[in-house]
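Heads up, the thing below is written out as structure tokens.
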Amino acid sequence: MSGLGAAHHLHGAGVSSRMYDKNAFPGGHTATFTHDSGFIFDDGPHISFSKDPRIQDLFAENVGGQYEKLQAYVNNYYHGAWVKHPAQANLHNLPDELKTQCILDFIEASKQDVVEKPANYLEWLISVFGKTFATHFPAVYGKKYHTVDADQMSTVWMGPRLYRPSMDEVIRGAVFAETPDVHYITDFRYPTEGGFISYLKPFMEKTDLHLDHKVIAIDPEARTVQFENGVTETYDHLISSIPLPDLIPMVKGAPDHVRKAAAKLACTTCITVNIGLARDDFTPATWTYIYDEDIVFTRLSFPHKMSTKTCPPGCGSIQAECYYSHKYRPLDVSPDDLIQPVIDDLVKIGLIEQDEKILHTDARLITHANIIFDLDREEALPIVHDWLDQAGIHYVGRFGEWGYQWTDEAFKSGERGARTVLEKIGALV
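1 is the number of the first residue of the sequence shown in full-length UniProt numbering; add one for each residue after it.
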């Protein structure tokens with residue numbers, strides 16, 4: 001996404017570019033896979049909920065105006081209870097004792113000032129939501145999603161992701177089953193045909209794209225990039241979206257302290273298990289968060305809710321995300337090993353039947369999924385970025401900036417990288 005953002009911006013300025021992708025398919029995280037069964041799955045859940053009119057118009061133009069405009073309905077599964085999202089404003093379906101304790105803790109927390117500079121994510125959660133809700137919900141889900149305990153995470157990543165309800169909202173959400181929608185994603189768009197990658201295909205025509213080119217070495221002095229297939233290319237300016245812990249060991253001359261800093265940066269690995277069903281009436285949700293620690297998946301999304309064209313007529317689909325990390329929860333299974341456990345847990349939570357007619361299954365490994373905002377990141381990242389600045393390598397995207405970027409943010413990150421290059425070209429001229 002960020003590489004194509006850079007290519008798009010350079011093309012608009014009349015500057016040619018070459019783009020190299022290690023995969024045999026384009027798109028990176030925004031790739032889409034079409035199966036013979038008729039089911040289409042993206043490389044992890046992707047929708048466009050950008051509020052930027054320029055990005056909205058650009059994506060709409062790329063699909064000829066053929067997109068779905070949808071309302072998001074998000075829910076949670078917590079030990080047998082289906083809870084509307086965000087749970088902190090929708091306690092209604094929880095057991096009475098837990099609900100009562102959450103409310104009492106919310107009241108106590110509301111009497112205290114929120115910690116302005118929390119030592120970690122857990123401290124912030126407790127100061128905002130009270131101990132009961134904090135430790136039963138976001139801390140538990142965060143451990144499943146980020147693979148690390150909340151007291152080992154910083155708070156720089158959150159932005160609008162955790163809604164802070166008023167006391168009135170907490171009480172009403174505990175008493176009433178129906179509440180206003182306050183999720184930060186209200187409406188979103190998705191291509192009618194071809195999956196999320198359809199938004200990006202026109203960008204690929206604006207650069208000289210080479211697939212199956214995995215970088216193994218970069219020499220910033222000679223301005224060369226060496227690929228695993230034996231090809232070596234020269235460059236005038238280099239923009240990289242390669243994950244920083246992978247990038248730094250490739251760069252000739254990277255000092256030991258920079259290599260050590262890069263090695264401290266952590267991200268999750270995700271296995272997505274994709275299920276195609278013979279019906280589409282099994283959930284009202286667009287996606288679902290799963291809190292139970294004994295359930296293998298962390299989040300579920302339902303591509304047939306994005307566009308009916310992602311499935312054969314009348315069918316439905318589920319994408320389950322299962323998270324691991326080299327640093328905190330090493331991967332100990334193969335992707336296919338998770339297909340049956342995912343199906344078993346879908347039955348366990350009541351989403352599908354024991355004898356459900358399943359038309360499609362597949363599993364994919366995403367080696368780099370989400371940035372882990374552990375406490376090491378805050379010290380290590382500036383060291384890596386400062387050295388790359390000196391080496392003249394422009395880093396973009398989620399894994400270049402090492403941030404929590406949505407698709408439109410990644411695209412804009414690539415555009416920023418391109419603007420930096422254009423400024424240098426202008427200075428040289």
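C-beta atoms are modelled at their ideal positions from N, C-alpha and C, and glycine is treated no differently.
| Check | Outcome |
| --- | --- |
| Segment limits, beta strand (DSSP E) that includes Trp82 | 81-84 |
| Ala263 - containing alpha helix (DSSP H), residue span | 256-264 |
| Tyr323 beta carbon less than 8 Å from that of Thr361 | no |
| Completely contained alpha helix (DSSP H) runs for the segment 148-236, where each covers 4 or more residues | 167-175, 201-204 |
| Reduced DSSP secondary structure (H/G/I, E/B, other) of Val429 | In this prediction, Val429 scores a pLDDT of 43, lower than 50, which makes its location untrustworthy; the coordinate-derived value is nonetheless stated afterwards. Val429 falls in the coil class under three-state DSSP. |
| Ala266 beta carbon less than 8 Å from that of Ser325 | yes |
| Ile239 burial status per 10 Å Cβ neighbour count (16 or more: buried) | buried |
| Counted within 10 angstroms of its Cβ, other Cβ atoms place His79 as buried (16 or more) or exposed | exposed |
| CA-to-CA distance, Pro313 to Ile349, given in whole angstroms | 26 Å |
| Rounded distance between the beta-carbons of Lys252 and Asp219, thought under 8 Å | 5 Å |
| Beta-carbon separation (whole angstroms), Ser317 vs Thr310, contact threshold 8 Å | 6 Å |
| Lys214 Cβ short of 7 Å to the ligand PLP heavy atom set | As far as ligands go, the structure on display features none, and thus does not contain the ligand PLP. |
| DSSP-derived helix/strand/coil call for His46 | coil |
| Cα-Cα separation, Asn274 to Trp406 | 22 Å |
| Beta-carbon proximity list for Met19, same chain, < 6 Å, skipping 5 on both sides | Gly3, Ala7, Thr207, Leu209 |
| Same chain only: Cβ atoms within 8 Å of Asn120, ignoring 5 sequence neighbours per side | Ala150, Asp151, Gln152, Met153, Ser154, Thr155, Leu375 |
| Alpha carbon of His394 to alpha carbon of Glu353, nearest angstrom | 50 Å |
| Residue-chain proximity (Thr132, chain C), Cβ-Cβ < 8 Å | Annotation note: the requested chain C is absent from the structure, which comprises a single protein chain. |
| Distance, Gln71 Cα to Ser48 Cα | 12 Å |
| Classification of Leu104 by the beta-carbon crowding that lies within 10 angstroms, buried from 16 upward | exposed |
| CA-to-CA distance, Ile371 to Tyr404, given in whole angstroms | 6 Å |
| Cβ contact check for the segment 100-116 and the segment 218-234: 3 or more pairs under 8 Å | no |
| Own chain partners of Val182 with C-beta closer than 8 Å, once the 5 adjacent residues on each side are dropped | Pro86, Ala89, Tyr163, Pro165, Glu169 |
| Segment limits, beta strand (DSSP E) that includes Arg364 | 358-366 |
| Rounded straight-line distance, which links the Cα of Asp236 to that of Val429 | Reliability fails at Val429, whose pLDDT of 43 lies under 50, so the model's placement of it is uncertain and no value is given. |
| Three-state secondary structure (DSSP) of Ser334 | coil |
| Range covered by the beta strand (DSSP E) that runs through Met19 | 18-20 |
| At least three beta-carbon pairs within less than 8 Å, the segment 332-349 to the segment 112-129 | no |
| Gln112, buried or exposed, once every other Cβ within 10 Å from all chains shown has been counted against 16 | exposed |
| Burial state of Leu211 (16 or more Cβ within 10 Å) | exposed |
| Met306 versus Thr286: straight-line alpha-carbon distance, rounded | 8 Å |
| Exposure of Ser413, with buried meaning 16 or more beta-carbon neighbours within 10 Å | buried |
| Alpha-carbon spacing of Arg223 relative to Glu233, whole angstroms | 8 Å |
| Reduced DSSP secondary structure (H/G/I, E/B, other) of Trp406 | coil |
| Range of the contiguous alpha helix (DSSP H) that encloses Ser127 | 121-129 |
| Residue(s) in a DSSP beta bridge with Asn274 | Gln319, Asp362 |
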